[in-house]
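There are 4 protein chains.
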Amino acid sequence: MIVILKQNAEQNEVNALLKQLEDMGFDHHYSKGENSTIVGIIGDTSTLDTDDLKTIDVVADVKRVSEPFKLANRKFHPDSSIFNIAGRTVGESHFSVIAGPCSVETIPQMTETAEAVKKSGASFLRGGAFKPRTSPYSFQGLHDEGLKILLEAKKATGLPIVTEIMNQAHLDLFEDVDIIQVGARNMQNFELLKELGKCNKPILLKRGLSSTIEEWVMSAEYIMAGGNEQVIFCERGIRTYETFTRNTLDLSAIPALKSISHLPVIVDPSHATGLPWMVESLTKAAIAVGADGIMIEVHNNPKKALCDGAQSLTPQQFDNVMQTVKKRVEFEGKILG
Amino acid sequence: MIVILKQNAEQNEVNALLKQLEDMGFDHHYSKGENSTIVGIIGDTSTLDTDDLKTIDVVADVKRVSEPFKLANRKFHPDSSIFNIAGRTVGESHFSVIAGPCSVETIPQMTETAEAVKKSGASFLRGGAFKPRTSPYSFQGLHDEGLKILLEAKKATGLPIVTEIMNQAHLDLFEDVDIIQVGARNMQNFELLKELGKCNKPILLKRGLSSTIEEWVMSAEYIMAGGNEQVIFCERGIRTYETFTRNTLDLSAIPALKSISHLPVIVDPSHATGLPWMVESLTKAAIAVGADGIMIEVHNNPKKALCDGAQSLTPQQFDNVMQTVKKRVEFEGKILG
Amino acid sequence: MIVILKQNAEQNEVNALLKQLEDMGFDHHYSKGENSTIVGIIGDTSTLDTDDLKTIDVVADVKRVSEPFKLANRKFHPDSSIFNIAGRTVGESHFSVIAGPCSVETIPQMTETAEAVKKSGASFLRGGAFKPRTSPYSFQGLHDEGLKILLEAKKATGLPIVTEIMNQAHLDLFEDVDIIQVGARNMQNFELLKELGKCNKPILLKRGLSSTIEEWVMSAEYIMAGGNEQVIFCERGIRTYETFTRNTLDLSAIPALKSISHLPVIVDPSHATGLPWMVESLTKAAIAVGADGIMIEVHNNPKKALCDGAQSLTPQQFDNVMQTVKKRVEFEGKILG
Amino acid sequence: MIVILKQNAEQNEVNALLKQLEDMGFDHHYSKGENSTIVGIIGDTSTLDTDDLKTIDVVADVKRVSEPFKLANRKFHPDSSIFNIAGRTVGESHFSVIAGPCSVETIPQMTETAEAVKKSGASFLRGGAFKPRTSPYSFQGLHDEGLKILLEAKKATGLPIVTEIMNQAHLDLFEDVDIIQVGARNMQNFELLKELGKCNKPILLKRGLSSTIEEWVMSAEYIMAGGNEQVIFCERGIRTYETFTRNTLDLSAIPALKSISHLPVIVDPSHATGLPWMVESLTKAAIAVGADGIMIEVHNNPKKALCDGAQSLTPQQFDNVMQTVKKRVEFEGKILG
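Residue numbers (the working numbering), protein chains in the order written: chain E, 964 to 1300; chain X, 964 to 1300; chain R, 964 to 1300; chain V, 964 to 1300.
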C-alpha cells in the first residue's frame, strides 16, 4: 500500500504517522522527493482500510498495490477451487447447468419442470420460495411451503436444489437445500453474509446491481472469513443506462474474476437480459468466455408463471439450448454436469 | 395501466386475458386498431406487476399510467407529512439538521461531539454502532456497547438520536433510539423493511447505490404497508461513472420525491461526496432545492476517526456551516430544528 | 405510436391534436376510457419525434410501438446485409478479423505488423493516422503522413485498410482507404455522419461511450439516409461505474442489433477492456455470441508504442489468438476472412 | 506523477525507463522497497500520458499527483476568470441568465421571446439554428436562415446571443454571434475544439453525456491551447440509470470545477431534467451551490414548439422564476446580468 503525503506535511506529523504504522505492526519504506513524499506500507495490508488512512491529516492519497482480500485471492490459492455438491462437481473442468422456474408455485409445476430439465441435462434444480420483490403488493413466494415443494421435486428427480435465502433467521429451513443463493439486493447484506459464513453449505453469491468486481469478491471474503469456503459467484448483469436489456451482462467479469480469485463463477443470462430469446446467444458466450456454469429460468408453463414468467424458457426451448450447450462444453474440453 | 397486445394475437387468447383481468376484479377498456390493439386496465393497479403481465403470450408491452405505490403517494395524501419526533418537528416548514460522527467510538468522543453540534444548532445526533463495511476485516462498530454510548450522549445533551440498524434481530436494542436508519445497502433488504413496518419508530430510509426514485418509494411503501407511516427519505448520492466525488448527489430527486410523495426528504452531502470541503456548497443547494433537512458528519477529532473520518467536519467547520444554514433556512421561510 | 392524453384534456384541444395529425398525413385511432384516453397513430411514424409530441399540452405521454429507423431496420430488410469490400466479404456467414496498431508510427512498424497479422490470418489492417486524444498535449497521429504509411503497408501486403476519420474536411485524403472508421466520440457528430452518407465507402461505426443501442442504430440511419448503405457496427464497450476494465463490453448488444437491424456488427475487445490478457477470452465470446468479426490491436513492439500500447498484443500473442479463432469460426460454420 | 514498477522488474529495463524519462527532460526520484519500487517523475507532467507509460513493460501502474491540464488550472491562475461579453460580465460576482427557445423558428417567435426574456431580466438570448437530433428525420434547424432571425432578435432587443455550432466549416456564419455553444455530443469533437481555439469568441462548452469532470476540463484545455481562453462550462446533466429525469444534474460538478479551474460555470436545468416544473427548484439550487449563471429554455408558445417544446417555460413561467432568481442572486451578494 502506498501513501502519498501532502506537499506541506510537517515532519512531526509525518513521524507520528510512521509511528502509528509501526504500532500496528507494519514496516514502512519512506521516500522523500522534491514534489511528493511517499510511504510504502509493508506487510499484510488487507486489514487496512484506505478510507481510514485518508483520514490522517498529512495524507494526500492512498493507493493499494495488492488486493484487500485474502481467502478468495488466487495469489494465495493458485489452483481453481472445485466443489463437490451432492455428487456433482462445480468448477475447473466441469460445467454446471442450474435450471428451473423463478418461483416455486405448485407440486406439479415443480415436478414437471424438474423432470424436463433433468432430461435435458441440467445438473441442479432452481426455484424461489422466498422472492425479493420491489413492491410489497407483489407475490413474495410460498416460503416454507415452497421449500417443501422444492424438496419434493428433489426427491422425485434426484436433482440437487438451489434456492434463495433472504433472512438469516430462516437458515434452519434450508437444511436440505444443496446450494443457498444470495440475491443481488442482498450481496452487501453483511449480517446475512456473516451467518452464511458459519453454515456448511455452498453459497451462490449473485453480483449486486451496481457492485464492482472488487466489492463482490469482498462479499465472498465475508462468507469465507466465517469459515465457509464454498462460494460460487453468479454474474447476473449490472445496472447501466442501457434499457434494451433489463441489465447489462458483464462477461468481462468472468476472466476478471478468474484472474484474481480461485472461486467458480456462473452466468445467469435470464435475469441479466429479461429476454428469453437472448438466453441461447449469451449462454454460448458464457461457455466460450470460460464460465463454470449457467443458470437458466425454465417454467413448464411460462404464460401462467406468477413471477418473471416473461423471461422463462419453455422446457422445449431449454432442451434446444441444451443441445448446443452439450456440443460447446465438449468443444471447450469440459465435462457437463 | 395500458396493455399493448401483439399484432398477431388470436382472439380466443385475448378473451382469456380479458377474462383473467375480470376475475382479478379489474374493469377494462378494449380498443382494436389496425396496427395495434390496446387494453386499458381500470381499477387499483398498484397490486399488479407489469412483469407478470408481460408473461402473458399475447401481451407485447405494458405501460403504467399511475404509480405502483399508494400509502407513500401524494395523490392520496396531498398534504406533506409532518412527524413529531422526540419534541422535534420534521417536514413541511421545518428544517432538520442531523449531525455527528460516522462511528460511535468512546464516551468522550460522542459527548464532546454531541455538545458541539447541539451548540451549533443541530436537531439530532447521529452515530453508528453497527457499521456496514465492504471488508470483513474493517472495524464494524461497537454494537450494543456503541448504542449505550450513544444513549449516554443523548442523556447528556437531550439530543434525540439517529442510528443505523443492519439486522432485524437487533430491533430490541433500538428501543430508546429516536430515528432508525436503513443504510443504502439495505434499502432493498425487504425482510428488514417488513420488520421495521411493524415497529413504531420513524425510519430514515437511505437511497440505494443504484436505486431508481420509484424503487426507493416502493421501499418506503414496504415499511408503510406494515403499519409504520413515519418514513423519511435520505438522498446520499448514486453510483455513476464519475469518480471526482464518491457518489453523484442527485438533487433532482428532491423535487421529484416532493411531487410524487408526501414524505419528508433530507440530504446527506458528507457520504454523497466523501469530500468535507464540498459539504457547505451542497448544503446550501439542498436547502434551496427544498430538502427538509441535512445530515452531516462531524467528529471531534476527524484525524483519529476509525471510520470515514476523511469526510467528517470538525466541530468548528460544522459551526461555520451552521451560520449559513441558519440564514438560508430563514430566507426560505422555514424554521430550523 | 401511442399517445396517452391527460385525464383533464379538453375536447377542443384533443380535436386540434387529431386535426394536426391528419394534416401531417397520419390516420389515427381514438379510444376514450374512464381513466385515460389514448390515440393510436397509424402510418410511418419514423419521422415523428416523441419529444415533439410530448410538447402538446393535452399529451401525457407517448410510446413508440415501432422503431424510429427504417433503412437500418431488419423488418424492412429481413436478410442480413453482406458487403463486398476489396475482395473480402463482411457479414452473414463470414467472420472478419481487423488487426493492427492503434497509431500509425513508421513504415517499418506498419509493414512489419501488417505482414505479421496477414500471416496469422487477419482480413483487414487497421492503424490510426488521426487520433482522438483526451489531452491536447498527447500525440494526435501523423495525419496525411500516416495515411501514406498505411497505404504503403496495404501495397506491401494486399490487406485492405481501416482507419479513423475525425473531420469531414479530410474526406479527400481517404480515397484509397477501404473502410472508414467513425470513433466512439464522433458517433453523434451528425455533420460528419451526413458527409459520410454521401461517400461510397463502407463505414465502421463505433458505439458512443454512453449511447443506447437505439441511438447507435439512428446514427447508422443518418449515414444510410444520405445514400450510403454500407454501415458496420463496432461494439467497443460502454461507460459504467466498473473500473476493473476500461469500459464494459456489452455483448448483449450483438443479439440485440441482429434482431432489429440487418447490418453486420463486429467487436473490439482491445479498447473495451484496455487489458491485452482479456482479448482472447472476449474474442471467443464474441464469436460464440454471433458477431461478424473482431478488431484487435496488434503492435510489432507494444513496449515502444506511442499510444495505447498498453492494450496491444504482440504479433506472437495475436497469432495464438488466431489459432483459437480459426477453430471457433469453423465450429460456428462460418468462413474466416 | 508516480510510476509503480512491477515486482520482478529487471534492473536493466528499469534503467532504460529512467534514461527515457531523462531524455524527455524529466527529473526522477527512484525508491526501491521490499515489496514495490516507485519512480516519482518530477517536472511538468501534463504532457505525459498515463496510458502511454503503462505501455512500458516494467511498469505496473501510474498515478497522477497533479492534474493533466495547465491553462484551465486554478493552480496557475488563482483568480476566477471574468469575461466581458458584449457589455455583459460573466464570472466571479456576476450571475448570468441565458434564456430563449431550443430552436429558432420564425422572426415573431424569436422577437417575442427575446422581448419577454429581456423584460424579465435575462442577460443573453439563446436559440438553436443548427440542431443536433438523434434522428435524421427530425427537424435539424433553419441553419443560416435561423442565424439571421437570431440576429434580427438581437438587433430588436440588444440582447447578445448564444447559439450552437456543429461544424467548423460554418464558423464564418457565426461572426456576429456573441457566445458560441458546443453541444454535449460534440464535447470531444476535437477537430471542432481546435478550430474554436483559433477564433476570438467566448465558447459555452456543454458537458458530454458521460464525460468525467477531468475530460471536460481537458476539452476546455483544447480550446485554450489554441489561444482562445474564453471558455465557460455548462453543466447539463449526465447519463445515469435514473429515468425520472432525462439526465441527472450533477450539481457537485460546480464546486468541483471551481476548485480545480478558474473558468466560469453555468447550469442548464431545462435540458438536464426535461421537466419544466423542475426548472425553478434546480435554478435555486444552482444559485446556492455557486454557479455563475443559468441557461433556461423559454418559448413564446411551447405547445407549438418544433423541438424540445416539452421542456420550455412560457414567458410568464420564466418571469416567475426570475422573481426568485433576483432575490437569491442578491442574497448571495452577486450582481444579476
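Beta carbons are placed, not taken as given, at the ideal position from N, Cα and C, and that holds for glycine.
Everything numeric in this text was worked out from a predicted model, so none of it was measured.
DSSP places E:F1281 inside the alpha helix (DSSP H), whose first and last residues are P1278 to F1294. When Cβ pairs closer than 8 Å are counted between the two stretches, the region 1256-1264 of chain R is seen to touch the region 1228-1246 of chain R, the count reaching three or more. Within the region 1050-1110 of chain X, the complete alpha helix (DSSP H) segments at least 4 residues long are 1070-1083, listed from N- to C-terminus.
By the Cβ test, the region 1152-1162 of chain E is not in contact with the region 1113-1120 of chain E, since fewer than three Cβ pairs between them sit closer than 8 Å. Residue nearest to E:A1249 within the set E:K969, E:I967, E:V1060 and E:V966 is E:V1060 (criterion: CA-CA distance). Under the DSSP assignment, V:T1236 falls in the alpha helix (DSSP H) whose first and last residues are P1232 to T1236. If you check each beta-carbon in the region 1173-1197 of chain E against every beta-carbon of chain V, none falls closer than 7 Å. About 19 Å separates the beta carbon of E:G1090 from that of E:V1053, a gap too long to meet the 8 Å contact definition. Taking a beta-carbon distance threshold of 8 Å, E:K1017 does not count as an interface residue toward chain V. Per DSSP, the unbroken alpha helix (DSSP H) holding X:L1220 starts and ends at A1216 to I1223. X:H1234 is positioned such that its CB atom lies no closer than 8 Å to that of X:S1043.
Between the C-alpha atoms of V:V966 and V:D990 there is a straight-line separation of about 13 Å. DSSP places E:L984 in the uninterrupted alpha helix (DSSP H) bounded by Q974 to D986. By the neighbour-count criterion, in which a residue is buried when 16 or more other Cβ atoms sit within 10 angstroms of its Cβ, V:F1032 is buried. Taking 7 Å as the cut-off between beta carbons, the residues of the region 1151-1174 of chain X near chain E are Q1151, N1152, F1153, E1154, L1172 and S1173, in sequence order.
The alpha-carbon separation between R:T1097 and V:E1184 amounts to approximately 10 Å. Under a criterion of Cβ atoms nearer than 9 Å, the residues of chain E adjacent to X:M1129 are, in order, N1152, F1153 and E1154. According to the DSSP assignment, R:K1161 belongs to the alpha helix (DSSP H) that extends over F1153 to K1161. When only Cα atoms are considered, E:Q1279 and X:D1020 end up about 16 Å apart. Beyond the five residues adjoining it in sequence on each side, V:Q1151 comes within less than 8 Å, by CB distance, of G1171, S1174, E1178 and S1182 in the same chain, given in chain order. The CB of V:T1287 never comes closer than 7 Å to any CB in chain R; the least such distance is about 25 Å. Relative to the Cα of V:T1018, the nearest Cα in the group R:T1287, R:L1276 and R:V1288 belongs to R:L1276. Within the model, the alpha-carbon separation for V:S994 versus E:S994 is close to 6 Å. Taking a contact as a CB-CB distance under 8 Å, the pair X:L984 and X:V977 does not count as one, their CB atoms being some 11 Å apart. Burial state of E:G1146 is buried, judged by a 10 Å Cβ sphere holding 16 or more other Cβ atoms.
In summary, E:D1135 is exposed, with fewer than 16 beta-carbon neighbours lying within 10 Å of its beta-carbon over all protein chains present. Cβ-Cβ separation between E:I1195 and E:D1213: approximately 17 Å, too far for a contact (criterion under 8 Å).
Within 8 Å of the CB of X:Y1100, no CB atom of chain R is found; the nearest one sits about 21 Å away. Taking 8 Å as the threshold, the shortest C-beta distance from V:T1203 to chain E falls below it. V:T1208 sits away from V:G1253, with the two beta carbons spaced by 8 Å or more.
Between the alpha carbons of X:P1165 and X:I1142 lies a distance of about 5 Å.
Excluding sequence positions up to five before and after X:Q1103, its CB lies within less than 8 Å of the CB of F1093, K1094 and R1096, all in the same chain and listed in chain order.
Residues of the region 1097-1126 of chain X with a Cβ closer than 7 Å to any Cβ of chain E, in chain order: T1097, S1098, P1099, Y1100 and S1101. Inclusion of V:R1027 and V:G1300 in the CB contact set at 8 Å is not warranted, their separation being larger than that value.
The secondary-structure analysis by DSSP pairs X:H991 across a beta bridge with X:I1004. Under DSSP, X:T1010 shares a beta bridge with no residue.
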